Each structure stands twice: as structure tokens, then as C-alpha cells.
Amino acid sequence: MIPLNLKDKVAVITGGGGVLCSTMAKSLASQGVKTAILDLNLEAAEKVASEITQEFGTKSIGLSANVLDKASLENAKEEINKTLGPVDYLVNGAGGNAASATTKAEFLTEDLFDKLEDTFFGLQMEGFDKVFALNFQGTLLPSMVFAKDMLEKKAGSIINVSSMNSYTPLTKIPAYSAAKAAINNFTQWLAVHFAKTGIRVNAIAPGFLLTNQNRFLLIDEKTGEATPRGEKIIRNTPMERYGEPEELCGTLMYLLSDWSNFITGVVVPVDGGFSAYSGV
Ligand code: NAD
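In our numbering, the protein residues as written are 182 to 461.
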């Protein structure tokens, strides 16, 4: 049996100050992985790192880095190399949607012909570009910076964070959907490109988890009840519930570890059956 072999590896987790990636970082720390928590929000990154050190006694540092700025990633890498050593694993977790890249209406119906700002025609390019860049370029650039260490070791593993809308786009969020679809494609491309280097590249596609980025779409702020969209999601998730961040961690560890040594270029849905269900 091949051992899991995670102990004392060095993992970089971008967006590590956020809901899902802080949970993923903690799960890695619980297995003895040294973690570098990178986030635009330094305070959040440092908080996660200090919780990790207290809870698991594993080395962890919180650093400010912008996944869209190569120089800031290179600065972070220098600090990580000094404090933790060369990087073995990268989790490209920074990402998300924004209200400015979201249409108000799901469908363009005739009653909206004089309210086109609520439809596709009202999308602001600034918001669209921001969401696309954060998710796609924000995966590409850290891979470019942190895979260098893996190349030297001739071993390493990259995990991208995709989404359900990468397979079939969800209504209202075209930039986010397009960017996550691009991540799936890029996961395959980079896996093939790196196939002879010892570096593997895979992705996790989480189903629906209730977090900061989607709460405004799924829960009515005033009543606290599920929105019609929230109800639809639960109806279309055969397990009839939202996922919990902890439920991503088994797949993460499996894809990072030596247990999946012959697996590269896959996107694993962790979704309560959502992507398998036609709704009928
Ligand atoms: P979150 O908003 O809690 O965390 C995202 C983190 O990324 C934040 O801490 C934020 O400060 C950081 N960040 C934003 N821009 C950054 C930048 N330019 N550079 C560095 N850090 C930056 O979101 P989350 O729900 O934990 O999502 C994490 C990942 O999971 C995202 O890629 C998201 O698209 C994906 N995802 C989430 C869900 C869900 O249901 N929540 C479903 C599928 C996929």
C-alpha cells in the first residue's frame, strides 16, 4: 500500500483566509503539512495561520498576496521558501463571483424589453473582467510562480478550485461560469504539459456550499428564508442539502497525496449528486 505521505510537505493555499480554503488548509495541517496561507486580506490569512499553529502545532504562515500580481506572488514565495522550505503543493483557491458580474434576471422575457439593464445587456465589462481574471488568471499566475519549486524536486501537486457551473453554466453569472469552465480546460492543459515533470494537476468542483460569495443569491437577507434560487438548488441536489466545507477535504488530500500518483488532469465533483442529476 502506498503511504499517504503528506507529513512535512509544504502547501501554498491561495484564498486561504476564506471559508472553504481555510478549512482545506486546516485539514492539511491536521496531517502534518506546513501551510502558507495567502490572501489579499492579510488579517484573515494571519488569523488562519495562527489558528493552525495553535490547533495542530504545525508550522503555518499567513501572507498578503494578490493572485493577479506576479510580483506579489514572487515576494510571498521568497518568504515561504525562507520560512517553510520549497513548495510541494499548491491549492488555487482564491476566486469567487461578484454582484457586478451578475444579471438580475434569469431569463430575458418580453416584459424586460424596456428594462434591459437587468439582463445580459446590462452587464458591466469592469465587473465581468474582474470576476473572470480573479478566477482564471488567479489560477494561472500562482501555478506559474509556485510550480518552479516542484520542477526542481521533480514532484508536486496542484489543485485548482472549479465549480458546478464549469460543466453547465448557471443562470445570472456568465463571467464566473466561463472562468470556471476555463479552469477545467486549463487543468487538463497544464496536466498534459507537466506530465513528464512529476507535477500533477487536478481540480475539485465543489457543489453548493453556503458561503459569503453566494449567500446573497441563496438566502433572502430580510426574511432569512431560502430564495427561489436556493430552493431550486436543493431540489436539484439529490442529497437535498448544501455541502459542508469539511466535505471537500478528503478529495483534496487524496488528489494531493501519493494515493493519486497516476491521476492528473481530472476535475472531481464534490456535489451531493448535482452534476449527475438531470432533474427528472
Ligand atoms: P471566500 O470569499 O470565503 O474566500 C475567497 C478568499 O479569496 C477570500 O479570503 C478573499 O480575500 C481571497 N481573495 C479574493 N481576491 C483575491 C486576490 N486577488 N488574491 C488573493 N486572495 C484573494 O470564498 P469561498 O466560498 O471560500 O470560495 C473559495 C473557492 O471555492 C473559490 O474559488 C470559489 O469560486 C470556489 N467555490 C465556492 C463554492 C461555494 O459554494 N462557496 C462553490 C464552488 C466553488
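Just so it is clear, CB atoms sit at the ideal spot from N, CA and C, and this is done for glycine as well.
As the structure is a prediction and not an experimental result, all values here were calculated from the model.
Between the stretch 294 to 301 and the stretch 333 to 345 there are fewer than three C-beta pairs closer than 8 Å, too few to call the two in contact. Annotation: A314 to T216 spans about 25 Å, alpha carbon to alpha carbon. Here the distance from the Cβ of V248 to the nearest heavy atom of ligand 1 is below 7 Å. For T392, the CB falls within less than 7 Å of some heavy atom of ligand 1. Classified as exposed, M182 has fewer than 16 neighbouring CB atoms from the shown chains inside 10 Å of its CB. The beta carbons of G424 and L399 sit no closer together than 8 Å. The straight-line gap separating the alpha-carbon atoms of F327 and E291 is approximately 50 Å. When Cβ pairs closer than 8 Å are counted between the two stretches, the stretch 234 to 253 is seen not to touch the stretch 277 to 292, the count staying below three. Closer than 7 Å to some heavy atom of ligand 1: that describes the Cβ of P387. Around the beta carbon of A359, a 10 Å sphere encloses 16 or more other beta carbons of the protein chains shown; the residue is thus reported as buried. About 21 Å separates the Cβ atoms of P267 and D220, ruling out a contact at the 8 Å cut-off.
Beta-bridge partners assigned by DSSP to T195: L219 and N273. Cβ-Cβ distances below 7 Å link K285 to D299 in the same chain, with the five nearest sequence neighbours on each side left out; the list follows chain order.
With respect to the 8 Å criterion, Y270 and N316 are not classified as neighbours on the basis of their beta carbons. For S344, no alpha helix (DSSP H) run applies, since DSSP gives it neither H nor E.
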